[in-house]
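Novice: I'd like to ask you about the structure that follows.
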Amino acid sequence: MSLKLTRTLRMAVLALCLPLLAGLLSGCTGDSEKETIRFTFSKREAIGFMTKLVADYNASQDRTEVVLDTSGVDVVSASFVRGNPPDIALANYNMETARFVQRGALSDLSGTQASTRIRKDLQPLMDQYGSYPDRTSALPYSIMASSVIYNKEIFAAHGVEVPKTWAELLAACEALKAAGVTPFYATWKDDWTVAQGWFDYSVGGEVDTIDFFEKIAEAGTEVGPDSPASFQQDFEQPVEKMLKLAGTYVNKDAASRGYGDGNLAFAQGKAAMYLQGPWAFSEIAKTAPDLQLGTFPLPMTENPDDLKVRANVDLAAWIPEDSKHKDAARDFLEYLYQPEIIEGYNKSQLGFTPTVEAEAAPDPRIEGMVEYYEKGRVYQGPSVLVPRTIPIMNYTQALVLGADPAATFRTLDADWARLAFRQ
Amino acid sequence: MSITTTTRRGQGRPESRRRRRVEPVFYFFLLPSLVLFTLAITVPGLVGIFFSFTDSIGIGDWKFAGLTNYIAIASDPAILQSYLFTFGFSIVTVLVVNVVAFLLAVGLTSQIRMKSALRTIFVIPMVVSGIIIAYVFNFLFSNSLPSAGAAAGISWLETSLLANPDLAWVAIVVVTAWQAVPGALLIYIAGLVSIPGDVYEAAEIDGASKAQQLLKITAPLVAGYVVINIILGFKGFLNAYDIIVGLTNGGPGTSTRSIAMTVIAGFNGGDYAYQMANATIFFIVAVLISLLQLSLTRGRNTL
Numbered sequence: 001m002s003l004k005l006t007r008t009l010r011m012a013v014l015a016l017c018l019p020l021l022a023g024l025l026s027g028c029t030g031d032s033e034k035e036t037i038r039f040t041f042s043k044r045e046a047i048g049f050m051t052k053l054v055a056d057y058n059a060s061q062d063r064t065e066v067v068l069d070t071s072g073v074d075v076v077s078a079s080f081v082r083g084n085p086p087d088i089a090l091a092n093y094n095m096e097t098a099r100f101v102q103r104g105a106l107s108d109l110s111g112t113q114a115s116t117r118i119r120k121d122l123q124p125l126m127d128q129y130g131s132y133p134d135r136t137s138a139l140p141y142s143i144m145a146s147s148v149i150y151n152k153e154i155f156a157a158h159g160v161e162v163p164k165t166w167a168e169l170l171a172a173c174e175a176l177k178a179a180g181v182t183p184f185y186a187t188w189k190d191d192w193t194v195a196q197g198w199f200d201y202s203v204g205g206e207v208d209t210i211d212f213f214e215k216i217a218e219a220g221t222e223v224g225p226d227s228p229a230s231f232q233q234d235f236e237q238p239v240e241k242m243l244k245l246a247g248t249y250v251n252k253d254a255a256s257r258g259y260g261d262g263n264l265a266f267a268q269g270k271a272a273m274y275l276q277g278p279w280a281f282s283e284i285a286k287t288a289p290d291l292q293l294g295t296f297p298l299p300m301t302e303n304p305d306d307l308k309v310r311a312n313v314d315l316a317a318w319i320p321e322d323s324k325h326k327d328a329a330r331d332f333l334e335y336l337y338q339p340e341i342i343e344g345y346n347k348s349q350l351g352f353t354p355t356v357e358a359e360a361a362p363d364p365r366i367e368g369m370v371e372y373y374e375k376g377r378v379y380q381g382p383s384v385l386v387p388r389t390i391p392i393m394n395y396t397q398a399l400v401l402g403a404d405p406a407a408t409f410r411t412l413d414a415d416w417a418r419l420a421f422r423q
Numbered sequence: 424m425s426i427t428t429t430t431r432r433g434q435g436r437p438e439s440r441r442r443r444r445v446e447p448v449f450y451f452f453l454l455p456s457l458v459l460f461t462l463a464i465t466v467p468g469l470v471g472i473f474f475s476f477t478d479s480i481g482i483g484d485w486k487f488a489g490l491t492n493y494i495a496i497a498s499d500p501a502i503l504q505s506y507l508f509t510f511g512f513s514i515v516t517v518l519v520v521n522v523v524a525f526l527l528a529v530g531l532t533s534q535i536r537m538k539s540a541l542r543t544i545f546v547i548p549m550v551v552s553g554i555i556i557a558y559v560f561n562f563l564f565s566n567s568l569p570s571a572g573a574a575a576g577i578s579w580l581e582t583s584l585l586a587n588p589d590l591a592w593v594a595i596v597v598v599t600a601w602q603a604v605p606g607a608l609l610i611y612i613a614g615l616v617s618i619p620g621d622v623y624e625a626a627e628i629d630g631a632s633k634a635q636q637l638l639k640i641t642a643p644l645v646a647g648y649v650v651i652n653i654i655l656g657f658k659g660f661l662n663a664y665d666i667i668v669g670l671t672n673g674g675p676g677t678s679t680r681s682i683a684m685t686v687i688a689g690f691n692g693g694d695y696a697y698q699m700a701n702a703t704i705f706f707i708v709a710v711l712i713s714l715l716q717l718s719l720t721r722g723r724n725t726l
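As structure tokens, this is what we get:
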């Protein structure tokens, strides 16, 4: 019987191995012809554009086959943990990417031709998230400026001017409300829309975010009511103003509306203002391609000189240290940074191109922000500067739904101190 | 062939069953699942526990941090709240599911019309994926229910249940129960069918009412199935994830974040070591609960 068993076993092992072997062999033949690299890109508004670009690149040469992976941010973070990161990525540059940078998981790009053409004055936007010694870990690809989106037709119909101060903003809201127009369309069901729009515009319009985050990074475990800076001390005033707008001038069903609902409703002219970034324009255009829209910074003080727009590195390019196809990935990176491609991309997405030779070619919808962007009157949104392990988006959502600001910021201070304690 | 005949012969004779020697082939049958279990569950589990004592974010450089993560967890309101929420939610859901499933099972085993058609209808939710159920209910709660409330003039219904930090958990219980009732229902039907009819006949002759029969005969005779349903259900609800993600994504605010969600948030959000420490604590808690359940049910009504 034992003989029979071993024979069965041998058969089973053989049967298991055959397909594996076949897979290996076919894999080999594929590799010798074209090197395949996995390119991660998950900005859903631009997937169509990028799919075409990748197809063009694959057709233009026969060394590399680029495979577009659109599976999303969370999957990318997890792929690093599993030791199987993408070969190249164009991704939102935020606290999470910064952690890959700080731990040295991204390779040095300083030798690339593309890196020599990046505008030097944009470096603070990248450095604010930290860096790894002697490495250029990521290159900015698309800068997004965002501020209040407004419906020019509604503003004109009710004789409302673009507000430059907090008092003018309140007056504009009152005028619209009196005319039966909802001033703001809010989508509180999706917590990120609260964080990036309502919270960031309010706080960024009043607080110097670079200075604030430097101070609390230094205070570390000491962050609290007695430290040089803290969420409790610095954020409560702008958030009170945010809550005044949120409590009085939004659509009644804000709590059960999401991002998709908001784009549709705003395209249908159901409100005059919308706190979203330029990525929403292409979504709104699906419903109302000819709607006259504009942008202006949310005024939070009585001084028009304080006006600033929120800017962030919407896309940055990076190549993981663990990639097995770094050279092929760098070739593709240079292709992505060719002037007509990078400028074409940013034009299509209403972003700003971070290369030296690029000229601002403003779309009328983002014209209202060009002035501030060029003078450098920009701030990075506070919600993206808080590590994601602190559920800042949930906190801001809780605020607009009625949570006590003082208690929320006490929790936020404690979260910050706890994070500093264990890292 | 020789193997099967030996086994069959062995089963036929009681004295051979008492023999100590086990056919080696049974160990061979065990091997695949043992290998898979070790590779897919035990090894990653041990790796995770190891990393809970470091400051790793899952990638790149890391160093040992001792018990730092565990100390930080002890004072983290987000994690403590997720434990409170998960346990509260599990207890309530287990109660709701078992009461509803038991009553339905009693109805579906009595002499009613269209019994098999009704049974089929009640079992359908079990075969639909949780995330799909969650998105459908999300739409119902966010759009249909508020507009129904507005039409009927009920003001508290006009805002979505999911947007209310104090009541969102009710919506989660309702949806989870909707999906979990069929499983429990099938087990209860099996239990009710196995009760012999003459017990009821005897009760009938002694003059017991239907309510008395339910409480004094049916309930005690399916007690074993109640225990199974509670253990299986509680275990499942402690791991609640997909339905919550689809319904509230932990919101509004942080009011409906389950333990599984906080752990996965750490995995995705670059907070690997910290959430591994959380997962380790959760593992120990789950083991303690299992031991408690085992000791409570030992010796009686095991299947």
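Residue numbers (my numbering), protein chains in the order written: chain P, 1 to 423; chain F, 424 to 726. Virtual Cβ for every residue (Gly too), placed ideally from N, Cα, C.
Quick one: is F/P467 near chain P, going by C-beta distance under 7 Å?
Specialist: The residue labelled residue 467 of chain F in the question sits at position 44 within the second sequence. It does not: the Cβ of F/P467 has no partner Cβ on chain P nearer than 7 Å.
Novice: Between F/G692 and chain P, is the shortest Cβ-Cβ distance under 7 Å, so that the two count as touching?
Specialist: Here residue 692 of chain F refers to the residue found at position 269 of the second sequence. Yes, F/G692 lies at the interface with chain P (some Cβ there is under 7 Å from its Cβ).
Novice: Return the chain-ordered list of same chain residues with a C-beta closer than 7 Å to the C-beta of F/V596, the five sequence neighbours on each side being excluded.
Specialist: Locating residue 596 of chain F in the second sequence gives position 173, counting from the first residue. Around F/V596: F512, V515, T516 and V519.
Novice: Once you ignore the five residues that flank F/Y558 on each side, which residues in its own chain have a CB closer than 7 Å to its CB?
Specialist: Position 135 of the second sequence holds residue 558 of chain F. Correct list, in chain order: G669.
Novice: Let's test the definition: count the other Cβ atoms within 10 Å of the Cβ of P/G430 and tell me whether it reaches 16, buried, or not, exposed.
Specialist: As displayed, chain P neither begins before 1 nor continues past 423, which places residue 430 of chain P out of reach and without an answer.
Novice: Name the residue from P/R38, P/K52, P/P405 and P/F39 whose alpha carbon lies nearest to the alpha carbon of P/Q233.
Specialist: On the first sequence, residue 233 of chain P is found 233 positions in, with the first residue counted as 1. Considering only alpha carbons, the answer is P/P405.
Novice: Quick check: the Cα distance between F/Y623 and F/R444, rounded to an integer number of angstroms?
Specialist: Here residue 623 of chain F is taken as the residue at index 200 of the second sequence, counted from 1. Here residue 444 of chain F is taken as the residue at index 21 of the second sequence, counted from 1. One C-alpha to the other measures close to 46 Å.
Novice: Against F/Y697, what residues of chain P qualify as contacts under a CB-to-CB distance less than 8 Å, listed in chain order?
Specialist: Position 274 of the second sequence holds residue 697 of chain F. What F/Y697 touches in chain P: T389 and R422.
Novice: Compare the Cα-Cα distances from F/L531 to each of F/G630, F/I610, F/F706 and F/Q698 and report the closest residue.
Specialist: By 1-based counting over the second sequence, the position of residue 531 of chain F is 108. Of the listed residues, the one whose Cα sits closest to F/L531 is F/I610.
Novice: Run the CB neighbour count on P/L419, radius 10 Å, all protein chains shown included, and call it buried at 16 or more, exposed below.
Specialist: Counting from one through the first sequence, the residue named residue 419 of chain P turns up at place 419. Burial call: buried.
Novice: Within 10 Å of its beta-carbon, does P/K252 have 16 or more other beta-carbons around it, so buried, or fewer, so exposed?
Specialist: Translated into positions along the first sequence, residue 252 of chain P becomes position 252. P/K252 should be labelled exposed.
Novice: Keeping to the same chain, check which residues put their C-beta closer than 8 Å to that of F/D589; ignore five residues upstream and five downstream.
Specialist: Locating residue 589 of chain F in the second sequence gives position 166, counting from the first residue. Around F/D589: S678.
Novice: Could you please give the first and the last residue of the uninterrupted beta strand (DSSP E) stretch that includes P/W318?
Specialist: Within the first sequence, residue 318 of chain P is the residue found at index 318, counting from 1. P/W318 -> beta strand (DSSP E) spans V309 to W318.
Novice: Measuring alpha carbon to alpha carbon, tell me which residue in P/I149, P/Q61, P/T36 and P/D69 is nearest P/T51.
Specialist: Within the first sequence, the letter at position 51 stands for residue 51 of chain P. Looking at the Cα atoms, P/D69 is the closest of the given residues.
Novice: Is any beta-carbon of chain F found at less than 7 Å from that of P/P405?
Specialist: Position 405 of the first sequence, counted from the start, is the residue given in the question as residue 405 of chain P. Judged by the 7 Å Cβ criterion, P/P405 is not in contact with chain F.
Novice: Taking only beta carbons into account, state which residues of the stretch 480-492 of chain F come closer than 9 Å to chain P, listed in chain order.
Specialist: If the cut-off is 9 Å between Cβ atoms, the stretch 480-492 of chain F has I480, G481, I482, G483, D484, W485, A488, T491 and N492 near chain P.
Novice: Could you list which residues in chain P have their beta carbon closer than 8 Å to that of F/G673, in chain order?
Specialist: What you label residue 673 of chain F is simply residue 250 of the second sequence in a count that begins at 1. Per Cβ cutoff of 8 Å: P391 and N394.
Novice: Measuring alpha carbon to alpha carbon, tell me which of P/A178, P/M242 and P/Q61 ends up nearest P/Q196.
Specialist: For the purposes of this step, residue 196 of chain P is taken as residue 196 along the first sequence, with counting starting at 1. Checking every option, the nearest Cα to that of P/Q196 belongs to P/M242.
Novice: Is the beta carbon of P/A217 sitting closer than 7 Å to the one on P/S227?
Specialist: Working through the first sequence from its first residue, we reach residue 217 of chain P at position 217. Working through the first sequence from its first residue, we reach residue 227 of chain P at position 227. In this structure, P/S227 does not lie closer than 7 Å to P/A217 by Cβ.
Novice: Spatial neighbours of P/N94 within its chain, please: CB distance less than 6 Å, with the 5 preceding and 5 following residues excluded, ordered by chain position.
Specialist: As a first step, residue 94 of chain P must be located in the first sequence, where it is residue number 94. Correct list, in chain order: V384.
Novice: Closer than 7 Å, Cβ to any Cβ of chain F: which residues of the stretch 84-104 of chain P, in chain order?
Specialist: Here the close residues are E96, R99, F100, R103 and G104.
Novice: I need the DSSP call for F/A663, collapsed to helix, strand or coil.
Specialist: Residue 663 of chain F sits at position 240 when you count from the first residue of the second sequence. It is coil, neither helix nor strand.
Novice: Between the beta-carbon of P/K152 and the beta-carbon of P/G294, is there less than 7 Å?
Specialist: Residue numbering aside, residue 152 of chain P sits at position 152 when the first sequence is read from its first letter. Residue numbering aside, residue 294 of chain P sits at position 294 when the first sequence is read from its first letter. Yes. Within cutoff.
Novice: Are the C-beta of F/A495 and some C-beta of chain P separated by less than 7 Å?
Specialist: Here residue 495 of chain F corresponds to residue number 72 of the second sequence, with the count starting at 1. Judged by the 7 Å Cβ criterion, F/A495 is in contact with chain P.
Novice: Which residues in the same chain as P/Q380 place their Cβ atom closer than 8 Å to its Cβ, once the five residues preceding and following it in sequence are excluded?
Specialist: For the purposes of this step, residue 380 of chain P is taken as the residue at position 380 of the first sequence. Answer for P/Q380: L125, Q128, G204, T209, I210, R310, A311 and N312, listed in chain order.
Novice: Check for me: the alpha helix (DSSP H) holding P/D327 runs from which residue to which?
Specialist: Here residue 327 of chain P corresponds to residue number 327 of the first sequence, with the count starting at 1. Looking at the DSSP string, the run of the alpha helix (DSSP H) that includes P/D327 is K326 to L336.
Novice: At 8 Å on the CB atoms, spell out the chain P contacts of F/L677, in chain order.
Specialist: Along the second sequence, one-based indexing puts residue 677 of chain F at 254. The question names Leu, yet the displayed sequence has Thr at residue 677 of chain F. Result: P391, N394, Y395 and A398.
Novice: What does the alpha-carbon distance come out to for the pair P/L264 and F/S718?
Specialist: Mapped onto the first sequence, residue 264 of chain P falls at position 264. Mapped onto the second sequence, residue 718 of chain F falls at position 295. Cα to Cα, the separation comes out at about 57 Å.
Novice: Below 7 Å between beta carbons is the criterion; list the residues of the stretch 541-556 of chain F that meet it against any residue of chain P, in chain order.
Specialist: The residues in question: there are none.
Novice: Using a Cβ-Cβ cut-off of 7 Å, state whether P/G30 counts as contacting chain F.
Specialist: Translated into the one-based positions of the first sequence, residue 30 of chain P becomes position 30. At P/G30 the pLDDT is 44, less than 50, meaning the model places this residue with poor confidence and gives no usable figure here.
Novice: Quick one, are the C-beta atoms of F/M684 and F/G471 less than 7 Å apart?
Specialist: Counted from its first residue, the second sequence places residue 684 of chain F at position 261. Counted from its first residue, the second sequence places residue 471 of chain F at position 48. Result no, Cβ atoms of F/M684 and F/G471 do not sit closer than 7 Å.
Novice: Can you tell which of P/T187, P/S202, P/P225 and P/A229 has the C-alpha that lies nearest to the C-alpha of P/E214?
Specialist: Looking up residue 214 of chain P in the first sequence gives position 214. For the residues P/T187, P/S202, P/P225 and P/A229, the minimum Cα distance to P/E214 belongs to P/A229.
Novice: Going along the chain, which residues of its own chain have a beta-carbon closer than 7 Å to the beta-carbon of P/Q102, five neighbours each way excluded?
Specialist: The residue given as residue 102 of chain P occupies position 102 in the first sequence. If we look at P/Q102 and ignore the five residues flanking it on each side, its Cβ neighbours are G130 and Y132.
Novice: Please go through the stretch 81-149 of chain P and give each complete beta strand (DSSP E) segment of 3 or more residues, from N-terminal end onward.
Specialist: List check, beta strand (DSSP E) in window: 88-91 and 139-146.
Novice: Does the beta carbon of P/P133 sit closer than 7 Å to a beta carbon anywhere in chain F?
Specialist: As a first step, residue 133 of chain P is located in the first sequence; it is residue number 133 there, counting from the start. No, no contact with chain F.
Novice: Under 7 Å between beta-carbons, which chain F residues line up against P/D74? List them in chain order, please.
Specialist: Here residue 74 of chain P refers to the residue found at position 74 when the first sequence is read from its first residue. Correct list: N691.
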